[in-house]
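Report on the structure given below.
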Amino acid sequence: MLHLNPKIGQADIEQVATRSGYGQGILDMGEKDNQVVVLTADLAESTQVLDFAKKYPERFVECGVAEQNMMGVAAGLALSGKTAFVSSYATFSPGRNWDQMRVSVCYSQANVKVVGAHTGVTVGPDGATHQALEDVAITRVLPNLTVIVPCDSVEARKVTVAVGQTKGPVYFRLGRSKTPVMTTDQTPFEVSKAIIFREGKDVAIIGSGPILYNGLLAAIELEKEGISVMVINNHTIKPIDTQTIVSAAKKCGAVVTLEEHQTMAGCGSAVCEVLALHCPVPVEMVGMPNTFGESGQPEELIEKFGMGKNAVMDAVRKVLSRKQES
Amino acid sequence: MQNHLPTAGAEVLLLRKEEKRHVRELNTKMQKLSINELKYKANDIRQDIIQMLLTAGSGHSAGPLDMADVFSALYFNVLEHDPKNPEWEGRDRLVLSCGHINPVLYATLAEAGYFPKEELLTLRKLGTRLHGHPHNLALPGVETSSGPLAQGSSQAMGMAMALRMNHLKNRVYIIMSDGEQQEGQTWEAVMFAGKYKLHNVTAIMDRNNIQIDGYTEDVMPLESLRAKYEAFNWHVLEVDGHNLQEIINACMEAKAIYEKPTLIIAHTIAGKGVDFMEYDYKWHGTPPNKEQAEIALRELRTLRGSIQSEHE
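Residue numbers (our numbering), protein chains in the order written: chain A, 67 to 392; chain B, 410 to 721.
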């Protein structure tokens, strides 16, 4: 049983930012394990680690606005037995300290968890400089690194605890704005195990992150048109759940990928790599279309850049027609 | 000799014959060598470096040679460590931030007994544990992966914080180059250590005045290094990087400084010990060929003789 939120599709569904789930998860980890340390680069409050800092000041390391050093310090702590969570905005970390993540963390298999907040255009008014849309691309190419994109605050909390209890380098991304809570405490979560949110047989939507909610809304709408849409929460981009993706493609014969990230080299590309190798089917990709974002309200930006419910429905219809042609 | 070792070339012939040992055999617990013994050890390390670079056919010459005295002092007198138990919790950590001078680290580790000396000749060859730049998962005694400059310094600060959190008194030694001071990350790390008063950190800078493209003050001037570090709340000492007693004294003084991290600026002669390499930035990133290596080794062996006569 998935125990998804029964309010999915309803206007009054609870909305909580994924970063809040991280804030709760890191408190859970602080209590579970006294080797857990948290580092930030002058962003304790907005990355939601302020409560951890107050509760465990001796395990909180304020690095100032210096992300390269922060990543290295985290590696040094990890190589000395600590579990180090690195909290900043994804545009800066891993954006500005990618080399440090590559060598000091991934090459050495240091037990560092890099947490990139403020991802996607839903960062909103801060504009393109602060909207991370490339972070999955630059992390998933790194050997030894696990890459996860939680879909809501509840899942973000589970991700924090799951990776905190496992050795090895991890990157996971968070959003700034409040987004629908699709899962519940009872929904199972396991790294690298994609979750089928909704069964279907005509098209499979495979996506990650809060934007997946638009996939669920599109599936509900399309059902009224007689189109049966499967929706898969592919939260772990790497190592990816090949089995679930391939069996969905075999069953449906067409796939739409969905992410709040450049379609180039993100979750969608990772899915396409699996399909190209194991089960080539027609694919349409919904995500950021090779452009930078801009200032605006989150929902306006999602519409403008073609990641809303209607854009997903269009992609489903398009891939269905390609499936029928082939 | 392990069977996975790559084949060394004909250059192996240059391997020095087994010489009369002037140092006592080391037990698993490192004994502290005398100044005279440390000079011999530094000379051994320099000969190892020349042979390694010749066999590898690529790599850096000047930095490893000029830091041989510092490495001899550290591994055979200053550091608390156990070659038979590289993961010993009570060890001091040495982080080589300027990973490109790794021949001096590898040679010193082998001299100290971390792995067989024969393995030194596998440097940079397929299947080796002695990669072109150090990798902590490949070789015992190597604490971090380093090469991209300044990364070691930040990692060392994290190690120093972890030791403090765990109420352990061991120290963290950073070996940094002078060219590395041009990296922004270096100053992020220096500022961090100043803020947290990481008195368990001793950084030793190889001030040899050269980098790949030329002399440091031409490429991007660094001075005044003392004033810069003092402004970041560090205790700064300057030593002759070839005077073993001065190096050891400075390391001891650093241990006694409680409120600040310590920087020891080791003024070194680039390529020290090999006359035609000394002071010349062209040897920063170049290995000797066979003829040059023969000259260098002859010189080092002769130098060894002069050390002997000096003290007999």
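Virtual Cβ for every residue (Gly too), placed ideally from N, Cα, C.
This one's a predicted model, so the numbers in the text were calculated from it and none came from an experiment.
Three-way DSSP call (helix, strand, coil) for residue i in this model
i, result
"A/Tyr155", "strand"
"A/Met137", "helix"
"A/Glu366", "helix"
"B/Tyr582", "strand"
"B/Leu706", "helix"
"A/Val127", "strand"
"B/His676", "strand"
"A/Lys179", "strand"
"B/Arg616", "strand"
"A/Thr357", "coil"
"B/Asp689", "coil"
"A/Ile214", "strand"
"A/Val382", "helix"
"A/Thr205", "helix"
"B/Glu736", "Beyond the ends of chain B as shown, which are 410 and 721, falls residue 736 of chain B; an answer cannot be given."
"B/Ala722", "Any question about residue 722 of chain B goes unanswered here, given that chain B covers just 410 to 721."
"A/Leu70", "coil"
Contact with chain B by residue i, beta-carbon distance below 8 Å
i, result
"A/Asp192", "no"
"A/Asn210", "no"
"A/Ser9", "Any question about residue 9 of chain A goes unanswered here, given that chain A covers just 67 to 392."
"A/Asn177", "no"
"A/Val457", "Within the shown structure, residues of chain A are numbered from 67 to 392, placing residue 457 of chain A beyond reach of any answer."
"A/Gly230", "no"
"A/Lys98", "no"
"A/Glu111", "no"
"A/Val127", "yes"
Counted within 10 angstroms of its Cβ, other Cβ atoms place residue i as buried (16 or more) or exposed
i, result
"A/Ser392", "exposed"
"B/Pro697", "buried"
"B/Arg502", "buried"
"B/Thr595", "buried"
"B/Arg707", "exposed"
"B/Ile444", "exposed"
"A/Pro72", "exposed"
"A/Ile214", "buried"
"B/His693", "buried"
"B/Asn412", "Because B/Asn412 sits at a pLDDT of 41, beneath the cut-off of 50, its placement in the model cannot be relied upon, and the point is left open."
"B/Arg710", "exposed"
"B/Val487", "buried"
"A/Val378", "buried"
C-alpha distance - residue i paired with residue j, whole-angstrom precision
i, j, result
"A/Val382", "A/Met351", "10 Å"
"A/Glu80", "A/Ser86", "13 Å"
"B/Met476", "B/Glu597", "25 Å"
"A/Val50", "A/Asp201", "In the structure as shown, chain A starts at 67 and stops at 392, and residue 50 of chain A therefore has no counterpart that could be examined."
"A/Gly193", "A/Gly359", "6 Å"
"B/Lys604", "B/Asn642", "8 Å"
"A/Glu97", "A/Arg125", "12 Å"
"A/Gly147", "B/Ser506", "20 Å"
"A/Pro399", "A/Thr212", "As shown, chain A starts at 67 and ends at 392. That puts residue 399 of chain A outside it, with no answer to give."
"A/Val115", "A/Val152", "10 Å"
"A/Pro364", "A/Thr84", "14 Å"
"A/Tyr279", "A/Arg264", "12 Å"
"B/Gly541", "B/Asp478", "22 Å"
"B/Gly466", "B/Leu529", "13 Å"
"A/Gly353", "A/Glu325", "5 Å"
"B/Cys660", "B/Leu653", "11 Å"
"A/Gly273", "A/Ser387", "21 Å"
"A/Gln101", "A/Thr149", "6 Å"
"B/Val645", "A/Lys370", "57 Å"
"A/Ile185", "A/Lys233", "The sequence shown places Thr at residue 185 of chain A, rather than the Ile named in the question. Distance between the alpha carbons of A/Thr185 and A/Lys233: 25 Å."
Any C-beta of chain A under 8 Å from that of residue i
i, result
"B/Pro543", "no"
"B/Ser554", "yes"
"B/Phe641", "no"
"B/Gly603", "no"
"B/Leu572", "yes"
"B/Gln594", "yes"
"B/Ala663", "no"
"B/Gly550", "no"
"B/Gly468", "no"
"B/Met614", "no"
"B/Ser563", "yes"
* **Complete runs of the beta strand (DSSP E) confined to the region 477–548 of chain B [at least 3 residues]** => Fully enclosed beta strand (DSSP E) runs of 3 or longer: 502–505.
* At 4 residues or longer, and completely inside the region 226–255 of chain A: list those alpha helix (DSSP H) runs for me, N to C. => Taking only runs of at least 4 residues, no alpha helix (DSSP H) segment lies wholly in the region 226–255 of chain A.
* Asked: At what residue ranges does the region 255–342 of chain A contain a whole run of the alpha helix (DSSP H), taking only runs of 4 or more?
  -> Segments of the alpha helix (DSSP H) lying fully in the region 255–342 of chain A: 278–290 and 308–318.
* To do: At 4 residues or longer, and completely inside the region 78–105 of chain A: list those alpha helix (DSSP H) runs for me, N to C.
  => Listed in chain order, they are 84–98.
* Output the residue ranges of the beta strand (DSSP E) runs that lie fully inside the region 614–669 of chain B and measure 3 residues or longer, sorted by chain position. => Complete beta strand (DSSP E) runs here, min 3: 644–649.
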